[in-house]
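Line by line, the protein sequences are chains A and B. Under the working numbering, think of the first position of the first sequence as 1, with each following residue one higher. Under the working numbering, think of the first position of the second sequence as 254, with each following residue one higher. From the three backbone atoms N, C-alpha and C, an ideal C-beta is built for every residue, glycine too. Small disclaimer: the values here were computed from a predicted structure and weren't measured. Report on the following structure.
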Amino acid sequence: MKHDYIDKYSRLESPVHSIEPRAKALALFALIVICVSTPPEAWWCFVVYAGIVFIVATASRVPASHIISRALVVFPFILIVALVTPFTKEGMTILELGFLKVSKEGLITVWNVSVKSLISIIALILLSSTTPFPDLMRALERLKVPSFFTTVASFMYRYVFIIVDEAERMKRARDSRNFRGRWIWQAKTIGQMIASLFIRSHMRGERVYQAMCSRGFEGTFPRYHDRKMKSADVVFLTLITLTAVSARISLLW
Amino acid sequence: MHIPDGFLDPKNSIVTYVASTGTLGYALYKAREELDEKKIPILGITAAFIFAAQMLNFPVAGGTSGHFLGAVLAMVLLGPFSGFLVMSVVLLVQCLFFADGGLTALGANIFNMGIIGGFLSYYLLILAKKALSRFGERRSLLFSSAFFAWFSVVVASAACSIELAFSGTVPFKVVFPAMVGVHSIIGIGEALITTVVVAIVLQLRPDLVASFTGAPSLPYAGEGVS
Numbered sequence: 001m002k003h004d005y006i007d008k009y010s011r012l013e014s015p016v017h018s019i020e021p022r023a024k025a026l027a028l029f030a031l032i033v034i035c036v037s038t039p040p041e042a043w044w045c046f047v048v049y050a051g052i053v054f055i056v057a058t059a060s061r062v063p064a065s066h067i068i069s070r071a072l073v074v075f076p077f078i079l080i081v082a083l084v085t086p087f088t089k090e091g092m093t094i095l096e097l098g099f100l101k102v103s104k105e106g107l108i109t110v111w112n113v114s115v116k117s118l119i120s121i122i123a124l125i126l127l128s129s130t131t132p133f134p135d136l137m138r139a140l141e142r143l144k145v146p147s148f149f150t151t152v153a154s155f156m157y158r159y160v161f162i163i164v165d166e167a168e169r170m171k172r173a174r175d176s177r178n179f180r181g182r183w184i185w186q187a188k189t190i191g192q193m194i195a196s197l198f199i200r201s202h203m204r205g206e207r208v209y210q211a212m213c214s215r216g217f218e219g220t221f222p223r224y225h226d227r228k229m230k231s232a233d234v235v236f237l238t239l240i241t242l243t244a245v246s247a248r249i250s251l252l253w
Numbered sequence: 254m255h256i257p258d259g260f261l262d263p264k265n266s267i268v269t270y271v272a273s274t275g276t277l278g279y280a281l282y283k284a285r286e287e288l289d290e291k292k293i294p295i296l297g298i299t300a301a302f303i304f305a306a307q308m309l310n311f312p313v314a315g316g317t318s319g320h321f322l323g324a325v326l327a328m329v330l331l332g333p334f335s336g337f338l339v340m341s342v343v344l345l346v347q348c349l350f351f352a353d354g355g356l357t358a359l360g361a362n363i364f365n366m367g368i369i370g371g372f373l374s375y376y377l378l379i380l381a382k383k384a385l386s387r388f389g390e391r392r393s394l395l396f397s398s399a400f401f402a403w404f405s406v407v408v409a410s411a412a413c414s415i416e417l418a419f420s421g422t423v424p425f426k427v428v429f430p431a432m433v434g435v436h437s438i439i440g441i442g443e444a445l446i447t448t449v450v451v452a453i454v455l456q457l458r459p460d461l462v463a464s465f466t467g468a469p470s471l472p473y474a475g476e477g478v479s
């Protein structure tokens, strides 16, 4: 596993990568919240939100294949809703397929869920693939997220690929000894793997802890340079937020 | 079980966000009492461990697979407050960097997997452990871990399906039996894994199991020097 497994592509160079992380996080979080709070009937609003996401995605030079493959996470959820809700939700019947009745309300729910989850997930993927993990954690810290979370998360970021590699090695060793994952009862083997993984991780944690203490660790990471908001960052933030907010407000008239 | 954005209505998002941030604030306060700030590296590496453990999928009948949730395990091993905080960090990172669970649903995900599947199950586990105490410290801990690890997965999936139903995304009569049914099978895996892990850690490093109050352990190899 590569060390940039968590924040792949976040070290490319593009106009989006160079935006100050706080401005980027706030703009995309605002976009997600506004998008999720929009009623499904207002389809033109979703066109605006999707347009914003598309422009940011194009400007960021993150490969489309990466965005799509990470966005696939939501498809099982959308699929379940699409298979169940139109036939079971009560409302105006617009189509009859034998004994199945398709309701308009059900179809609206499917549209609602898929458009919102897709726009939001792509916004989140764009944030994480244009901002290196430590920078985003620092930005959250400056946005008043308690430093406990960001510090624990930073340690997690530093060690996750070592631990995952350790897990992969155990998996390889297990599979080469004819482990066939067929029955839930083989969870016992996985339990044994997880137990030794825990003990190894914890011992590593203790070693790291002692090493850091002996080097003067005080519970937080020292910061040397914090970026300031430049005019480009403010423009990015206001442009995205204003466009989304005005699309959302136009509904009130 | 990680709910994406758009599947919950504002009402459900806000209520679960308030409940989760409140609990997080309290847990942070409690954890500062029982935990030296400098021990943060150990929690961070444990968070990485839970993350890695969740990648080991195990097969469930019928071609689907479940993965390990680890909320009860984290609380049994680390103590309830540190365990909850570690789970929340894992959920936060999964949300921001893997788009696994949405931003507006993060409150609900922490609520389901950290509070309902975590705290509720953990405290019931402690009660059960007390009730079973005549079987001995080790056995009572293992028995109650097994049951409440299963329970935590089932009850978290029940909470998840209730939220989805209240949001009008999927009808209750469909989503509830389906989610709870699937997760009561996945829960068996969770129970087996949790019990095996607790048993092995109790054997090798009983000092690492926060909820084990049995006989003090012997000093382990490498203490203080590793």
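Bridge pairing for A/Glu96: A/Lys101 [DSSP].
In the structure shown, A/Asn178 adopts coil according to DSSP, grouped into three states. Remark: C-beta atoms of B/Leu417 and B/Phe401 do not approach each other more closely than 8 Å. For B/Ile415, the nearest beta carbon of chain A is not closer than 8 Å to its own beta carbon. Using a Cβ distance threshold of 8 Å, A/Thr109 and A/Ser10 do not count as a contacting pair. For a Cβ distance threshold of 7 Å, residue set Ile163, Leu197, Phe198 and Ser201 of chain A lies close to B/Phe302, ordered along the chain. Only residues of its own chain outside the window of five on either side were considered, and among them Trp403, Val406 and Val407 have a CB closer than 6 Å to the CB of B/Gly440, listed in chain order. About 18 Å separates the beta carbon of B/Phe350 from that of A/Asp165, a gap too long to meet the 8 Å contact definition. A distance below 8 Å between beta-carbons, with the five flanking residues on each side excluded, links A/Ala23 to the following residues of its chain, in chain order: Met229, Asp233, Val234, Phe236 and Leu237. Around A/Gly51, no beta-carbon contact reaches into chain B at under 8 Å, the shortest distance being about 18 Å. Taking 8 Å as the cut-off, the Cβ atoms of A/Gly191 and B/Val450 count as close. For the beta strand (DSSP E) assignment, the region 112–176 of chain A encloses no uninterrupted run of at least 3 residues. With at least 16 other beta carbons inside 10 angstroms of its own, A/Arg138 counts as buried. Contact annotation for A/Thr85 against chain B: Thr422, Val423 and Pro424 [CB-CB distance below 8 Å, chain order]. The beta carbon of B/Ala324 lies closer than 6 Å to those of Met340, Met366, Gly370, Gly371 and Ser405 in the same chain, with the five residues before and after it left out. Taking one beta carbon from each stretch, the region 50–66 of chain A and the region 163–178 of chain A have fewer than 3 pairs nearer than 8 Å; the two do not touch. When secondary structure is reduced to three states using DSSP, B/Phe465 falls in the coil class, being assigned neither helix nor strand. For A/Ser103, the closest of A/Asn112, A/Val53 and A/Thr93 by C-alpha to C-alpha distance is A/Thr93.
Counting every other CB atom within 10 Å of its CB across the protein chains shown gives A/Arg215 a total below 16, marking it as exposed.
Within the region 28–95 of chain A, there are no complete beta strand (DSSP E) runs of at least 3 residues.
When C-beta distances to chain B are compared with 7 Å, the residues of the region 24–47 of chain A below that value are Phe29, Ile32, Val33, Val36 and Ser37, in chain order. With a cutoff of 8 Å on beta-carbon distance, B/Ala301 and A/Tyr49 are scored as not near each other. Within the region 338–365 of chain B, those residues whose Cβ lies closer than 8 Å to any Cβ of chain A are, in chain order, Leu338, Val339, Ser341, Val342, Val343, Leu345, Val346, Cys348, Leu349, Phe350, Phe351, Ala352, Asp353, Gly355, Leu356 and Thr357. Boundaries of the alpha helix (DSSP H) harbouring A/Asp233: Ser231 to Ile249, taken from the DSSP string. With a cut-off of 8 Å on Cβ pairs, the region 62–77 of chain A is in contact with the region 345–360 of chain B, counting three or more such pairs. B/Phe304 is not a Cβ neighbour of A/Met203, given a cutoff of 8 Å. At a Cβ-Cβ threshold of 8 Å, B/Thr274 and B/Ile368 do not count as neighbours.
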